[in-house]
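Trainee: Using our numbering, read the sequence shown as starting at 248 and increasing by one per residue.
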Amino acid sequence: MTDDRMALMERVEKQADGDLVREMLAFAAERIMEAEIEALRTAVRKSTTVAAG
Numbered sequence: 248m249t250d251d252r253m254a255l256m257e258r259v260e261k262q263a264d265g266d267l268v269r270e271m272l273a274f275a276a277e278r279i280m281e282a283e284i285e286a287l288r289t290a291v292r293k294s295t296t297v298a299a300g
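1) Within 7 Å: the Cβ of Thr295 and any heavy atom of the ligand PLP?
2) Pull up the CB-CB distance for Met256 and Leu272, whole angstroms please, since I reckon it's below 8 Å.
3) Helix or strand or just coil, what does DSSP make of Asp264?
4) Tell me, to the nearest whole angstrom, how far the beta carbon of Arg269 is from that of Glu260; I am working on the premise that it is less than 8 Å.
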């Protein structure tokens with residue numbers, strides 16, 4: 248997945264408005280990664296609670 252993101256970023260950089268699009272993609276990617284991390288944290292908390300219970 249990271250390779251796909253890097254390839255996309257390289258393509259965007261070649262375009263005239265690459266800065267704006269690159270910033271938008273970076274923002275979106277960061278938000279997605281934060282959501283994935285939070286989902287993992289929640290899953291770990293739930294599995295720990297179930298294991299302790």
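In this text, a Cβ means the ideal position worked out from N, Cα and C, and glycines have one as well.
Mentor: In short, the structure shows the following:
1) Annotation note on the ligand PLP: not contained in the displayed structure, which lists no ligands.
2) 7 Å
3) coil
4) 6 Å
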